[in-house]
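Working notes, beginning with the structure itself.
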Amino acid sequence: MERKQLLLDAAHFRHATKAFDPDQKISEEDFSFLLEIARLSPSSIGLEPWKFVVVQNEAIRKELSTYSSGAVKQLETASHFVIILARNDARYDSAYAKHMMTNVKDMPEETFEQHIIPAYRTFQDVNINILDGDRTLFDWASKQTYIALGNMMSAAAGIGIDSCPIEGFHYEKVTSYLQQKGILKQDDPYDVSVMVAFGYRASEPKYPKVRQSQQEIIEWIE
Ligand SMILES: Cc1cc2nc3c(=O)[nH]c(=O)nc-3n(C[C@H](O)[C@H](O)[C@H](O)COP(=O)(O)O)c2cc1C
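Those letters in the sequence shown? Residues 15 to 236, per our numbering, in order.
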């Protein structure tokens with residue numbers, strides 16, 4: 015019961031923080047805990063198609079804010095600001111999938127070639143049908159990054175750290191800015207997925223949390 019209450023308290027505590035207290039910094043230990051939570055997040059077929067870019071440089075944050083209308087205050091005041099990239103090459107037959115399965119997960123190469131490739135081909139091509147275009151493949155990887163995003167925000171709330179998820183930016187402009195800065199190389203297998211700011215709230219939220227009722231959003235089939 016106590017654990018459930020702690021998790022519920024964290025869910026109520028978390029809100030999309032618009033402005034952080036610029037003088038309160040997250041400790042190295044706490045931030046590395048959040049990164050570890052991200053790293054341990056689940057992903058479809060275990061491909062971990064992500065990268066977390068922590069942007070602490072003030073000038074870069076300022077320039078990013080010109081393309082990020084939904085993150086102006088957060089970029090200015092957050093203790094830590096993360097751009098989450100998603101891979102654009104997470105196909106069943108990519109060198110990356112092979113690397114993940116044989117090097118990271120220690121699967122014998124023969125098993126990968128004979129069993130995994132055909133199974134993942136059916137999964138990606140037929141079942142979830144994401145091989146029609148680059149965008150569908152990227153969006154599938156991007157979905158996985160949102161799991162890490164959610165986990166990081168929930169874990170942060172659990173230890174009293176505030177956060178704000180951010181989609182309020184111009185994707186193309188942010189991408190070309192990151193390329194111009196050399197943060198994203200032209201042939202990097204990543205594109206921008208979503209951003210997230212962390213820190214400590216400057217003030218309490220203006221509005222109480224409102225949500226639809228469980229009745230409105232849950233249907234039981236018995
Ligand atoms: C994927 C995602 C992207 C969001 N992008 C922004 C954003 O760019 N700027 C912002 O201030 N809030 C952003 N939000 C915050 C939502 O508006 C907010 O979560 C929602 O209104 C519910 O409020 P609460 O999180 O305070 O409970 C985003 C939320 C999500 C989940």
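By construction, the Cβ of each residue, glycine as well, lies at the ideal position given by its N, Cα and C atoms. Here the structure is a predicted model, which is why all the values come from computation and not from measurement.
Rounded to the nearest angstrom, what separates residue 20 and residue 172 at their Cα positions? Using only the alpha carbons, I get a separation of about 7 Å.
Should residue 206 be listed as close to ligand 1, given that the test is whether its C-beta is under 7 Å from any heavy atom? Shortest gap from the CB of residue 206 to any heavy atom of ligand 1: 7 Å or more.
Have a look at residue 12 and residue 128 and give me their C-alpha separation to the nearest angstrom. The question about residue 12 has no answer here: the residues shown for the chain are numbered 15 through 236.
In whole angstroms, what separates the C-alpha of residue 219 from that of residue 227? Taking the straight line from one Cα to the other gives about 21 Å.
Whole beta strand (DSSP E) runs in the stretch 157-224 with 3 or more residues, listed along the chain? Segments of the beta strand (DSSP E) lying fully in the stretch 157-224: 176-180, 204-213.
Per-residue DSSP class, three states only, for residue 28: In this structure, residue 28 counts as coil in the three-state DSSP scheme.
Does the beta carbon of residue 223 fall short of 7 Å from some heavy atom of ligand 1? At least one heavy atom of ligand 1 is nearer than 7 Å to the Cβ of residue 223, so yes.
How big is the Cα-Cα spacing for residue 110 and residue 181? Per the coordinates, the alpha-carbon of residue 110 lies some 27 Å from the alpha-carbon of residue 181.
Excluding the 5 residues preceding and the 5 following residue 112 in the sequence, name in chain order all residues of the same chain whose CB lies nearer than 7 Å to its CB. Contacts found: 126.
With DSSP collapsed to three states, give me the class of residue 51. In the structure shown, residue 51 adopts helical secondary structure according to DSSP, grouped into three states.
What is the residue span of the beta strand (DSSP E) that residue 78 lies within? Run containing residue 78: none in the beta strand (DSSP E); it sits in the alpha helix (DSSP H), 72-79.
Does the Cβ-Cβ distance between residue 206 and residue 78 come in under 8 Å? Going by beta carbons, residue 206 and residue 78 fall outside the 8 Å limit.
Nearest-angstrom Cβ-Cβ length linking residue 169 and residue 48, presumed shorter than 8 Å: Contact check for residue 169 and residue 48: beta-carbon distance about 6 Å, within the 8 Å limit, so the pair qualifies.
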